[in-house]
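The next block holds one structure in the form of structure tokens; read it before the comments.
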Amino acid sequence: MDQWRSAICTPRSLSVFGEMVKRRALIQILLLASFLLAIGWLVSNVVANLQAQNISSGFGFLNERAGFGVAQSLIEYNEDSTYGRVLVVGLLNTLAVSIAGIILASLLGFVLGVARLSQNWIIAKLAAAYIEVFRNIPLLLQIFFLYFGVLRNLPSPRQSFALGEVVFLNNRGIVLPALVSGAGAVAYLIVALVAVAAAWILRKRALRIFRDTGQHVKFWTPLFGIITLSLLVAYSAVGLPFAWDIPVLKGFNYRGGVQMIPEFAALLLALSLYTAAFIAEIVRAGIASVSHGQSEAASALGLPAPISLRYVIIPQALRVIIPPLTSQYLNLTKNSSLAVAIAYPDIVSVFAGTSLSQVGQAVEIIFTTMMIYLALSLLTAYLMNRYNNHTALVGRNV
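In my numbering, the protein residues as written are -14 to 383.
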């Protein structure tokens, strides 16, 4: 070994190696300089064209009055609000439909993926039919069908479909009861945080016992006791600071409660149903990738099928499911921009659409919208990668 090292590490070989390092560094510097020059030329060209057309540049317009209304706003907004406020309203609406869609699509997709592998012929074929139908119809057509063909053809508020006289469905959306909180609600928020912390601790303990001894420990009983005791303490201290605001028909529409506009409902349903079909196939492939011997071993140990699926099959399938599942979450978030087709007030509709038509500063508005979608995608990928690393199978050192 020493002879080989002395033969390689000669002054001539070291000189050649140093020249190679310098050459590679020079190439990298030239590439970086070329990229920066291209960016500088592009920026200067855009600025020159904007000045030639007398179009103002910069982000000062964000502080100007917008002058238009928005059909759905999760924060306080009116026509006197600024374009910066419009940006926040559109972003929150995009987040609302994306997060709700991810949750619904995940639940439906996992159920369909497991049903796809069911031993029951009817259940398996129904799941397969759903998948083939919804993933092979363009998403935009599904949005149009749900919005124009279903929700817009519902009766007027006076002839609403009622569910228990508390939930109403009509062509203006879905009206639901709203939970109104009063003084003392903070105590119940603390109870909720305590319950979440207790559930996490007890579940970690149950999993540790299961890994060490194979004994399945039920942690719901002590968790129920902790929640009940905490609720009794909060009730004795502040009473019950919650009440239901039931919607009531007044004039031509309902007052009170909370209303889900038809644009939101159509977009949410279409995104969830469409993405769930792809998630179902991902789940099916992940479960099928686990060796059949694993389920046979679990059955030989006397584990029931649900316990075997939860603690043996799914943990091993997750390493196959998570990476493509991340792509579906990213696609759902970006596909929410199709909301502009039915005038749902997401960030593309109210900021890159209405605001752009009034202000005319296309470069700043489109660039901001692109960066927001990029940030949402990177954040989603980061969180999913963290979860993937957390659930990855770790081999033991022998």
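Even for Gly, the Cβ is constructed at its ideal location relative to N, Cα and C. Keep in mind the model is a prediction, meaning the values are calculated, not measured.
Out of curiosity, what's the CA-to-CA distance linking GLY69 and ASN105? Those two C-alpha atoms are separated by around 54 Å.
Contacts around SER166, its chain only, beta-carbon distance under 7 Å, and the 5 residues preceding and following it disregarded: For SER166, the CB contacts under 7 Å within the same chain, skipping 5 residues up- and downstream, are PRO226, PHE227 in chain order.
What is the rounded straight-line gap between the Cα of ALA273 and the Cα of ILE12? C-alpha separation (whole angstroms): 48 Å.
Quick check on the burial criterion: 16 or more other C-beta atoms within 10 angstroms. Buried or exposed for TYR367? Its Cβ having fewer than 16 others within 10 Å, TYR367 is exposed.
Rounded straight-line distance, which links the Cα of ASN374 to that of GLY387: It is not possible to answer for residue 387, since the shown part of the chain is limited to -14 through 383.
DSSP on ASN121, reduced to helix/strand/coil? Correct three-state label for ASN121: coil.
SER41: first and last residue of the uninterrupted alpha helix (DSSP H) it sits in: Segment: none, SER41 is in no alpha helix (DSSP H) and carries neither H nor E.
Span of the beta strand (DSSP E) around ILE231: Under the DSSP assignment, ILE231 falls outside any beta strand (DSSP E); it carries neither an H nor an E label.
Stretch-stretch touch, CB-based, cutoff 8 Å, three pairs: the region 204 to 224 with the region 239 to 247: With fewer than three CB-CB distances shorter than 8 Å, the region 204 to 224 does not count as touching the region 239 to 247.
Can you tell me whether ILE211 is helix, strand or coil according to DSSP? Helix, per DSSP.
Same chain only: Cβ atoms within 8 Å of LYS319, ignoring 5 sequence neighbours per side: Only TYR358, SER362 meet the Cβ criterion.
Close Cβ partners of VAL333 (< 6 Å) along its chain, the five nearest in sequence each way excluded: Here the set comprises SER322, VAL325.
Rank ARG101, ALA180, VAL223, LEU303 by C-alpha distance to the C-alpha of ALA170 and give the top, closest one. A check of alpha carbon separations from ALA170 across ARG101, ALA180, VAL223, LEU303 identifies VAL223 as the nearest.
Between which two residues does the beta strand (DSSP E) harbouring PRO195 extend? Note that residue 195 is Phe in the sequence shown here, rather than Pro. Where PHE195 is concerned, there is no enclosing beta strand (DSSP E), although the alpha helix (DSSP H) it sits in stretches over 170 to 198.
In whole angstroms, give me the CA-to-CA distance for GLY94 and SER141. Approximately 33 Å between the Cα atoms of the pair.
To the nearest angstrom, how far is it from the Cα of VAL135 to the Cα of ILE246? Going by the C-alpha atoms only, they are around 13 Å apart.
From ALA262, ILE351, THR353, residue whose alpha carbon lies closest to that of ILE116: The shortest Cα separation from ILE116 among ALA262, ILE351, THR353 belongs to ALA262.
TYR239 - partner residues in DSSP beta bridges: DSSP lists LEU234 as partners of TYR239.
Quick check on the burial criterion: 16 or more other C-beta atoms within 10 angstroms. Buried or exposed for THR79? With a 10 Å radius around the Cβ and a threshold of 16 neighbouring Cβ atoms, THR79 comes out buried.
Which of helix, strand or coil DSSP assigns to VAL165: Secondary structure of VAL165 (DSSP, three-state): strand.
Under a three-way DSSP split, which group does ALA113 fall into? ALA113 falls in the helix class under three-state DSSP.
Cα separation between LEU76 and LEU341? Going from the Cα of LEU76 to the Cα of LEU341 covers about 15 Å.
Determine whether the beta carbon atoms of GLN127 and TYR296 lie at a separation below 8 Å. Here GLN127 is not near TYR296, since their CB atoms are 8 Å or more apart.
Once DSSP output is grouped into helix, strand and coil, what is the label at ARG269? Here ARG269 sits in helix by DSSP.
Taking just the CA atoms, how far does ALA255 sit from PHE130? Going by the C-alpha atoms only, they are around 9 Å apart.
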